[in-house]
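First comes the structure, then the notes that go with it.
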Amino acid sequence: MKTIKECYKIRMLALLMCLAIPFQALACKDAVVLVHGNTATPASWDDTYNYLLSNGYSSSEIYKPDWGSKNCAACNNHSGSEETPVRQAIQSALASSCSGKIDVIGHSMGATLAAQQIDKLAVANQVDTFVGIAGAFLGLKSCGYYPFNVWSSTCGSAGLSVGSPFLDSIYNVPLASKVYSIKSYIDQIVCATGSCTVGGVHSSRIANEDGTFSYALGHFGLQTDTAVKQYQLIQ
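Going left to right, the sequence shown walks through residues -27 to -1, 1 to 208 as mature numbering (1 follows the signal peptide of the UniProt record, and there is no 0) numbers them.
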């Protein structure tokens, strides 16, 4: 009888341990939207994507919109066809998220584009965390100062010239319950002129953010080499 009881306990313990694995894996998570930068592709998020998968996310919980021209950086801006994939990804993520909320991470021009779509959709109250990586929320000095900006779509009124109508439209708008920026002082794009600041503030910082983090990484390393930090921020 003692042997039977012991076997029963062992079997029950084994069953409970087996059940614990799927319950943990199925724990409700916010869906995540990863928005790449100018002329990049969703593959630029591979480090972040793989890290999320290794930490319990499923591929169906991660959205990677593909937007913009891949051949003409100066042709992309924040108006028209560039908006559609990002807007649709945010809407799809919200529709599928088991928590009813999402986390949004954007790199470079993808950060400002994501911010614009959150504002246009009026869904900031459904975004738990927004992370802007190497964004130019205060503009690119290499684009000039609006309206005396470099003559290109990327630097125009719907682009990233300092003081552009587009940047003014997303300045200080609600984006999420928690907002963070990740930046570098050796960023080849944001700091291309030798200065990373606009009005004394690093251009990658976001108005009313909850925190900012600096790394000795370049513009693209900020995206690929901070996957662990990105994951930590959206938990």
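Backbone N, C-alpha and C define an ideal beta-carbon position, used for all residues, glycine too.
>> Quick test of the definition: if touching needs 3 or more C-beta pairs under 8 Å, does the region 111 to 120 touch the region 30 to 45?
In response: no
> Taking the continuous alpha helix (DSSP H) assigned at Y22, which residues delimit it?
Replying inline: 19 to 27
>> Can you tell me whether W124 is buried or exposed? The criterion is at least 16 other CB atoms within 10 Å of its CB, across all chains shown.
In response: exposed
> Does the region 46 to 54 touch the region 125 to 134, meaning 3 or more C-beta pairs lie closer than 8 Å?
Replying inline: yes
> Span of the beta strand (DSSP E) holding L113?
Replying inline: 113 to 118
>> For the beta strand (DSSP E) containing I78, name the first residue and the last one.
In response: 75 to 80
>> Let me check one thing: in DSSP terms, what residues is I35 bridge-paired to?
In response: V5
> Where in the region 151 to 190 do unbroken runs of the alpha helix (DSSP H), each at least 4 residues long, occur, reported from the N-terminal end onward?
Replying inline: none
> In or out: K43 buried (at least 16 other Cβ within 10 Å) or exposed?
Replying inline: exposed
> Which runs of the alpha helix (DSSP H) spanning at least 4 residues fall entirely within the region 84 to 116, listed in chain order?
Replying inline: none
>> If contact is defined by three or more beta carbon pairs under 8 Å, each pair taking one atom from either stretch, is the region 176 to 188 in contact with the region 95 to 110?
In response: yes
> Whose C-alpha, out of D183, S157, I207, Q205, is nearest the C-alpha of G194?
Replying inline: S157
>> Quick check on the burial criterion: 16 or more other C-beta atoms within 10 angstroms. Buried or exposed for G79?
In response: buried
>> Quick check on the burial criterion: 16 or more other C-beta atoms within 10 angstroms. Buried or exposed for D160?
In response: buried
> Helix or strand or just coil, what does DSSP make of S69?
Replying inline: helix
> What does DSSP give as the partner residues of F139 in its beta bridges?
Replying inline: The partner list for F139 (beta bridge, DSSP) is empty, contrary to what the question assumes.
> Between Y204 and L7, which are expected to be in contact by the criterion C-beta below 8 Å, what is the C-beta distance as a whole number of angstroms?
Replying inline: So it is not a contact: roughly 12 Å between Cβ atoms.
> Relative to the alpha-carbon of T21, which residue among S72, L206, T199 has its alpha-carbon at the smallest distance?
Replying inline: T199
>> Run through the DSSP bridge pairs and tell me what N122 is partnered with.
In response: G117
> Does the beta-carbon distance from A66 to A4 come in below 9 Å?
Replying inline: yes
>> Quick check: the Cα distance between P38 and H9, rounded to an integer number of angstroms?
In response: 8 Å
> Residues in its own chain within less than 8 Å of V171 by CB, not counting five upstream and five downstream?
Replying inline: L111, G112, K114, V135
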